[in-house]
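Chains as they are written, first to last, in this note's numbering: chain A, 58 to 395; chain B, 19 to 320; chain C, -15 to 496. Okay, structure first, notes after.
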């Protein structure tokens, strides 16, 4: 355990240069972008003197390296700064939108795991059967389906054609969110308030986006599970389990799958980045008020601090997940040594 | 019949075909389904490339012709995939749009491999602080959602073919870097390389003669899979409006334009561009996967 | 879903318990609010807020562009036409109970001027000083006589605000930045809850001077895109959808028997703007050729499915002193254009090549199509080769400031209802910079001075006629079309009306 904590400390320290590199890239990219927050914010008629004054007020007239230094100093104090477009702290919209994105990605991940792991394990057990090839073909096809197209197809079929499910937003137009909003995780909030009607509404709104993202990602998990299951099925301890006379189902879905799940879990850390990228596109398609939409809107407005803030949060989020995955990995797999 | 006599006889077309078919079924037997996966991928890719090179063979309509047909006509007759809201023929836009997406994806993959491979070789071969700095940088970019970076770059550069290519290329550099670096390190420690070193071979000779050829074989596989990813990224950028200006047929943009007609039931505007993106990406994925299985079954499972 | 919706509606009404359920109307839109502060905002949707939660000294009479007293009981003008004296109604109060007097009127104008926000020129271009004569009387001294000053008085920068609630030295972004956290309303409604880009809730203002609105509560839902708004309307989740559905959806909904359509003819215009000082279009022959090539009917049919009106003068239908001079140029007049281009030295071998710019993030989804159709129309002649270029709104604006776009597409909503706001704003030497046109001509400027300083309709008519005749020769801009606004509602909604400047009036709405 001592080694583990040492390893974790190193890991956490390593996220700092990682964040720094990403930030530098994003900071430079944003400053080189044509257009600036002032012209995005003010209308068509602003007098030039006022524009200059505004620029000065926001510190946009300082040299880039100075702006950069000041920004890092701010970050070191856990301050994401203030928006340049709206009169708010960057953290405000982030806190408002982050739960929406987490809720979506979490449920999608469950969908992806449920489909991917089940099919993958099944395909490995029936290796080289037609079913195996069908499962693998499914994996390849869903991997190649653009997530936004999947979203549009589902909207077209279940939202417009059959009129079964809502196609946009987190709640219906007549549900007033301020009635139950606490944490921003609407599934939780509505339940906590005991508002079953609103809970159902929130759940219904979540189905199509989560299915979209979940299904497109299930291909990756299918492939991973299958490959690892194949290894695992050949391993000594599965042979041993078989030798002990355990039933085949127990051997496959109990021992082998449990064993194969560890590397799948490890990959989860890396796949999380893919998941977030998919979430941005899904949010755009389903008008989901999350971080992805926030990022795109603020890029158009050239709201530098908010865009940087969103990227920092994304990067932290990715690092955090991979850290958690590592810890869980270490705890459940005694063979891992650091 | 000995092989020598076989060589002497001039090959007839039928003989060639027979031999080809023979080799084909032999390969099928030897490699099983992987062979057919590879073939399916190859077929799709070849077809698409052919379409890109000779679009006029596939359609007689100009993709920008706003009088190709009535506005918003459902697929029927001469308009295989229907027409869009300005009366342009969708199939012709799909045919000509293949040039855009394939061109961008191919150029982007080439560009990122041209940067990623040398850096990976250098990093793996030289080691030391340079390796550490490069690895950390590449790992940072790699672990971050690539699309978000591409969005930032595309927004910075503004719409345009070259710009979108650059935006896509940037995010795949670490893919090549990591692969090549890893391979370089493991090959560097192989016995024959160490032997060559002991025998006094120059560093550049070792890099050029022993390491590079080994590395390049595996990058070919990754290249194909990478094109599939680049296709999806290009389409995604176009879809969210950061891709190309109007006037150039582009599948991702057609899809985002078609999205507006979702409630009015013009399903063909959404269905076909998405299907094309999927088929093209699938072609390269299958090709890459087939290649990987045929060349080195362990590669993709890592 | 419908049952659920009813259920939620019932839930939302629980706090009102046993009393009669308040009439609630859900209004869906794709618009965005900027700052809920009249010193800073200058956009269509936020002005709609102000029209309904604030009031001016004067207001437009229902269904006309005549101005009638509102917060003011009456007003007088001096003989020279440069001094306006307003007498306020007695006992006016903000929704929070604070009194509204002449001092508040002056305080508001001073604040707008001091904060130098976006709409400041609507005040500073005209007003010299404001003085409080007594608690009910306020005097505006103008810089020069302005015949249409009453129309300016009816715009939000002139709407009196509460000095005790608004901070004097900074712009307020939304009500949370106000001293009490609540916007002090003077209009028929007050804003009771506001979540940016999500929802806004309006309730009746008990202290409003005029007749009460008929709907107790109006909830605005903000939609990310037009497609979603249309689907919500179909599913009955919104009672009213306004601004802006896509042309295809407008077409479909107009024929939908379950939905009521209100077509409001508007004075919103779209036009082509040239950079006339340095770009390739410095040569007016080329601008004329461009004007000949445009085919408005084709554009309207292809992109907007016939929902808008072709526009042949920058001054739209419904305005005084309008002369549709561009009609004389015809539509899609390729022969005339080719003659001009040949004269300018272009040929098939050496076509006139230029970039046409459009922006995707400001004028809705159909803008791309508009650019594509214009390109096709211009390229009807082999002497022209167009490359389409696009930029985000923020970049677009910066580029027209820097004269980087030779020709680009723009639109215009009026600020005050006067032909001056459809002519001088584009082409007077001073104002045309603001639209990236950089046009300057002594003849035009003199005509604008004549028109501005006179209240005589004959003199003004002659000046505007001359300007519109000059327009087809100099072609600093080309009018394309005049927009109609479509409001779609459920069958139980009625009385959807706007004032002369196209702002939706909430207090007129009825709900059965």
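Cβ coordinates follow ideal geometry from the N, Cα and C atoms, glycine included.
Item, Value
"Where residue 357(A) meets chain C, residues with beta-carbon distance less than 8 Å", "345, 376, 377 and 378"
"Contacts that residue 104(B) makes with chain C (C-beta to C-beta distance below 9 Å)", "286, 287, 353, 356, 357 and 360"
"Neighbourhood of residue 137(A) by C-beta distance below 6 Å, restricted to the same chain and skipping five residues each side", "147, 148 and 366"
"Residues in the region 192 to 226 of chain A having any Cβ partner in chain C nearer than 8 Å", "216, 217, 220, 223, 224, 225 and 226"
"Residues that residue 295(B) contacts on chain A, provided the C-beta gap is smaller than 9 Å", "201, 202, 203 and 206"
"Cα-Cα separation, residue 282(B) to residue 104(B)", "15 Å"
"Residue-level contact to chain C via CB, residue 143(A), 7 Å cutoff", "yes"
"Whether residue 81(B) touches residue 267(B) by CB criterion (7 Å)", "yes"
"Within-7 Å CB hit, residue 306(C) to chain B", "no"
"Beta-carbon separation (whole angstroms), residue 130(B) vs residue 191(B), contact threshold 8 Å", "5 Å"
"As assigned by DSSP and simplified to three states, the class of residue 481(C)", "coil"
"The region 152 to 165 of chain B / the region 331 to 338 of chain A touching (three or more Cβ pairs under 8 Å)", "yes"
"Cβ neighbours of residue 264(A) in the same chain (closer than 7 Å, five flanking residues each side left out)", "222"
"Residue 140(C) beta carbon near the ligand NAP (any heavy atom closer than 6 Å)", "Summarising the ligand content, the structure contains no ligands, and the ligand NAP is consequently not present."
"Chain C contacts from the region 165 to 199 of chain B (Cβ-Cβ distance under 8 Å)", "173, 176 and 177"
"Three-state secondary structure (DSSP) of residue 376(C)", "coil"
"Which listed residue (126(A), 289(A) and 242(A)) has its alpha carbon closest to that of residue 227(A)", "242(A)"
"In chain order, each beta strand (DSSP E) run of at least 3 residues that lies wholly inside the region 9 to 78 of chain C", "42 to 44, 51 to 53, 56 to 61 and 67 to 72"
"Interfacial residues, the region 345 to 376 of chain A to chain C, with Cβ spacing under 9 Å", "345, 346, 350, 354, 356, 357, 358 and 359"
"Cβ neighbour criterion (16 or more within 10 Å) applied to residue 376(A)", "buried"
"Bridge-paired residues (DSSP) for residue 463(C)", "255(C)"
"Residue nearest to residue 104(C) in terms of C-alpha spacing, selected from 381(A), 108(A), 126(A) and 65(A)", "108(A)"
"Nearest-angstrom Cα separation, counted from residue 273(B) out to residue 334(C)", "36 Å"
"Residue burial classification, residue 64(B) (beta-carbon count within 10 angstroms, cutoff 16)", "exposed"
"Expected contact under 8 Å - CB spacing of residue 252(B) and residue 182(B) to nearest Å", "6 Å"
"Residues within the region 309 to 340 of chain A neighbouring chain B, beta-carbon criterion of under 9 Å", "326, 327, 329, 330, 331, 332, 333, 334, 335, 336, 337 and 338"
"Short-range partners of chain A found in the region 198 to 212 of chain C, where Cβ spacing is below 9 Å", "203, 205, 207, 208, 209, 211 and 212"
"Contacts around residue 277(C), its chain only, beta-carbon distance under 8 Å, and the 5 residues preceding and following it disregarded", "316, 317, 318, 321, 361, 362, 364, 365 and 368"
"Within 7 Å, strictly: CB atoms of residue 7(B) and residue 352(C)", "Absent from the model: residue 7(B). The displayed extent of chain B is 19 to 320, so no value can be given."
"Contact set between residue 373(C) and chain B, taken where Cβ atoms lie within less than 7 Å", "263"
"9 Å Cβ cut-off: residues of chain C touching residue 275(B)", "349, 352 and 353"
"Per-residue DSSP class, three states only, for residue 102(C)", "coil"
"Alpha helix (DSSP H) runs contained entirely in the region 217 to 249 of chain A, provided each spans 4 or more residues", "243 to 249"
"Amino acids of chain B, ordered along the chain, whose beta-carbon sits closer than 7 Å to that of residue 230(C)", "278"
"Where residue 146(A) falls: helix, strand or coil (DSSP)", "strand"
"Euclidean distance between Cα positions of residue -13(C) and residue 381(A)", "Confidence at residue -13(C) is low in this model, with a pLDDT of 45, below 50, so its placement is unreliable and the value that follows should be read with caution. About 43 Å."
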